[in-house]
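Student: There's a structure below that I have some questions on.
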Amino acid sequence: MSLVWLLFYTTSLAKILSCILTYVNVSIYNTCMHDETVEVLKALADDVRLGLVRKIASNKQPRLTCEIINGCSQLSSLSQPTISHHIQKLVTAGVLIEEKHAQQKSYQLNTARLKSLGIDPKKL
Numbered sequence: 133m134s135l136v137w138l139l140f141y142t143t144s145l146a147k148i149l150s151c152i153l154t155y156v157n158v159s160i161y162n163t164c165m166h167d168e169t170v171e172v173l174k175a176l177a178d179d180v181r182l183g184l185v186r187k188i189a190s191n192k193q194p195r196l197t198c199e200i201i202n203g204c205s206q207l208s209s210l211s212q213p214t215i216s217h218h219i220q221k222l223v224t225a226g227v228l229i230e231e232k233h234a235q236q237k238s239y240q241l242n243t244a245r246l247k248s249l250g251i252d253p254k255k256l
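Taken in order, the sequence shown gives residues 133 to 256; the numbers are from this note's numbering.
Given below as structure tokens:
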């Protein structure tokens, strides 16, 4: 009788421990994913930044900063430092990928990152 109880007890304990570890790992994963998602959504919440993302997403090739500004009427009233600030927020959040070419920079949408967070780049 004690052998049956011991097997039941250790099996139950192993299941409980497994459940606890799974919960902890999932909670940590969800917390990290939540923070990343919040950071991206905060970056996209601004109208100017969302306009930038839409303009960049409309072209498959990386876009130079001057092409982005010239092609977006919403940006014509903003100063260059303000536009740089908005672009940098998007790069920091991982929404855009920045590439440097001599003295110019080009940007493209980080579709892999957006998809990994459950954001469909085509619906932005």
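Where a beta carbon is used, it is the ideal one built from N, C-alpha and C, also for glycine.
(1) From residue 211 to residue 239, what does the alpha carbon distance come to, in whole angstroms?
(2) Rounded to a whole number of angstroms, what is the C-alpha to C-alpha distance between residue 195 and residue 188?
(3) Under the three-state reduction of DSSP, which class applies to residue 235: helix, strand or coil?
(4) CB of residue 245 to nearest heavy atom of the ligand MN: below 7 Å?
(5) Using 10 angstroms around the beta-carbon of residue 175, count the other beta-carbons present and answer buried if the total reaches 16, otherwise exposed.
(6) Spatial neighbours of residue 172 within its chain, please: C-beta separation below 8 Å, excluding the five flanking residues on both sides.
Tutor: Per the coordinate set shown:
(1) As a first step, residue 211 is located in the sequence shown; it is residue number 79 there, counting from the start. As a first step, residue 239 is located in the sequence shown; it is residue number 107 there, counting from the start. When rounded, the separation of the alpha-carbon atoms in residue 211 and residue 239 is 19 Å.
(2) Taking the sequence shown and counting its residues from 1, one reaches residue 195 at position 63. Taking the sequence shown and counting its residues from 1, one reaches residue 188 at position 56. Rounded to the nearest angstrom, the two C-alpha atoms are 7 Å apart.
(3) Position 103 of the sequence shown, counting from 1, holds the residue named residue 235. Coil.
(4) With respect to the ligand MN, the structure shown offers nothing to examine, as it has no ligands at all.
(5) Indexing the sequence shown from 1 puts residue 175 at position 43. The residue is buried, with at least 16 neighbouring Cβ atoms inside 10 Å.
(6) Your numbering for residue 172 matches position 40 in the sequence shown. Cβ within range, chain order: 225, 226, 227, 245, 246, 249, 251.
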